[in-house]
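First residue of the sequence shown: 1, per the UniProt record's numbering; consecutive thereafter. What follows is one structure encoded as structure tokens, with my remarks underneath.
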Amino acid sequence: MNRIWNSIVGKLWATILLLVSFVLFIVTALLLEFFDNFHTRQAEETLAREAKTVGSIIIDHENESAMKLVVNDILNNGTHAMVVGDNGQVAYSFHDGMSNAQSIEEKILSDKLFSKRNDENASKQMILPSLSEKEVSERYIVSSTPLPNEGKGYVVLYQSFEAIHDTTKWTTHIVLLSAFIAFILTTFFAFFLSTRITRPLRQMKEAAFELSKGNFDARIPVKQNDEIGQLSTAFNQMGRQLKYNVELIKQDKEQLSSILTSMTDAVITFNRDNTILLSNPQAEKVLQKWSFINQDSKELLPPEIIHMLEHAVMFAEEVDAELELGKRFFVVKISPLYSKNSIRGAVAVLRDMTEQHQLDKLRSDFIANVSHELRTPISMLQGYSEAILDGVPETVEENHEMVKIIHDESQRMGRLVTDLLDLARMESGHMRLYKSEMAVVPFLERMRNKFMQVAKDAKVDLEVEPNGADTLHLQADEDRIEQVFTNLIDNAIRHTPDGGRVKLSVEKYPKSVAISVIDTGSGIPEEDLPFVFERFYKADKARTRGKSGTGLGLAIAKNIAESHGGSISAKRGDIEGTIFTCVLPLQ
């Protein structure tokens, strides 16, 4: 029941019913009043006509019995009459033997209007005793008419309002029946009309719920051309526009998400209370690293960034600075975010400048190392040449020895310059490779023969371990690969103490071959391993055993291996020494 009253059908039905009921009530009241007055006037007119008729009968009939019979026949049911003479006494009375008729007539004659003859018709409503009940009064219509033809006396007719009320009741019944029929028809048409209205509204409600669930394909059938049909058309257009707008927003969101995800910079969006609203994967990594390093801190963000964020939000201006967070360097730029005229938060962009710092440091170290490496031979060339010019050597042997030193230092400086040029050419991609089929094990045997005498002088055993790869071939520039292993074997022999061993080992894989140079020396410290392929890097200059190098051999070896599509790495041995492994693709 509550569902009906809470629906548009119930409300519309109740509204129409109340309106019709109110109109019917007013109309019924007016009609009843109208009919009551109409019946009263009609009763007065009827009594006046009957009074004239009764008077004519009394004058025309000399026989009293016949006259009474005719008068009683003429009088309507419920109408009573009496004939009053000039002396004010009742001459004839027609009242159907009522017991209280005499008291009624006395009451009538006691009224001034009917107590004496009146030459004109008179009519009046009076309260008289009831005809059917004792000690009860009723309302009557009393009408008098003088006897015609100058007759002596007048005729008085009176009638109870019960007869009039019977007619009024019948009229009331008809009106109430009409009201009931109108109520039924109103209810039917109200429900019919409301159904025509509420059915599309219910469909709109269901479609709206579907839209709220994300189903933007929900449509309402348009079967009318009125306002409801126009509303349905507008609703369908709204659904299509919503779908289009949501798809645009989704595309923009996916595009923004893709951009943020692919960015190398860390991006973080903050609310006014410094809570994180959005962050890309790079930002999450930075925050995780900072949280891991500063586990004791309760803040999710470094205090420097919080201070910059508060400044940007408070003063509505961009803030940028370079910060060191967890041994990494970042350039941080924070800009306020606006919502109309108010600041709703800020966005921070963190660019990792650690690699740039390292490159700057390597560049400065490179310049310093080159300057250092060149300063020594140049100083020796200048010193010994000045000594010769000043005639310092006294014998031919001393002069020859100084000239030999100048020659050796010039060659060393030439090798350094050549290595620098080669390294620069490799890093710029201008190095050309002349690849051909190369047998791996014969190549290593030739390298062993090349360094056999050097190994004997250093009292180091040099051997090859083919591991079943005797027939293994690969496509490579043999001269460049020889340059790689010349450097690796030379370093291994120089860093291996007397009685040690250097082994050349081969391991075959499905798509590559790994050639390792394993020595039994003291090994490179673990913290130096990531930097051994940097230019001029020397883990321990004391291990060179007096044999100077340029410090560029491993950097050149790395570039040659990578230009072949391979890689080179270094690690400590299981027990002692160092293992350098060069991995080259078979194809």
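We put the beta carbon where it would ideally sit given N, CA and C, even for glycine. Keep in mind it's a predicted model, so treat the numbers as computed, not measured.
query	result
Cutoff 6 Å; reference Arg219; Cβ partners in own chain excluding five residues on either side	Asn236
Straight-line gap, Leu586 to Asp470 (C-alpha atoms, nearest Å)	14 Å
Identified DSSP bridge partners for Tyr140	Met126, Ser160
Span of the beta strand (DSSP E) around His80	79-84
Whole-angstrom C-beta distance between Ile306 and Asn274, which should lie under 8 Å	6 Å
Where Tyr244 falls: helix, strand or coil (DSSP)	helix
Neighbour-count burial assignment, Gly391, 16 or more Cβ in a 10 Å radius	exposed
Three-way DSSP call (helix, strand, coil) for Thr275 in this model	coil
Residues bridged to Glu437 (per DSSP)	Gln475
Nonlocal neighbours in the same chain, by C-beta distance under 7 Å from Lys459, ignoring five residues either side	Asp498, Gly499
Identified DSSP bridge partners for Ile268	Ser279, Ala348
Helix, strand or coil at Arg543 [DSSP, three-state]	Unreliable placement is indicated for Arg543, whose pLDDT of 42 sits below 50; no coordinate value is reported for it.
Arg572, DSSP secondary structure in three states	strand
Whole-angstrom distance between Leu462 and Met452, CA atom to CA atom	7 Å
Residues of its chain near Ala234, where Cβ-Cβ distance is below 6 Å and the 5 sequence neighbours each way are ignored	none
Local conformation of Arg328 per DSSP, three classes	strand
Three-state class that DSSP yields for Phe22 in the structure shown	helix
CB of Val313 within 8 Å of CB of Ile276, strictly	no
Contiguous alpha helix (DSSP H) assignments of at least 4 residues, all confined to the stretch 472-514	478-494
In DSSP terms, what Ser335 is bridged to	Val347
Continuous beta strand (DSSP E) assignments of at least 3 residues falling wholly in the stretch 176-208	none
Outcome for residue 601 when other beta-carbon atoms lying within 10 angstroms are tallied against a minimum of 16	With the chain covering only 1 through 587, there is no way to say anything about residue 601.
Cα-Cα separation between Leu474 and Gln483, rounded to whole angstroms	17 Å
Proximal residues to Leu444 (C-beta, below 6 Å), its chain only, five neighbours per side dropped	Val464, Leu504
Ser516 beta carbon less than 8 Å from that of Thr581	yes
Short Cβ contact (8 Å threshold) for Leu109 with Val84	yes
Cβ shell of Glu138 (< 6 Å), same chain only, five flanking positions each side left out	Ser130, Ser160
In DSSP terms, what Val517 is bridged to	Leu504, Phe580
Cβ contact check for the stretch 174-186 and the stretch 199-207: 3 or more pairs under 8 Å	no
Per-residue DSSP class, three states only, for Val396	helix
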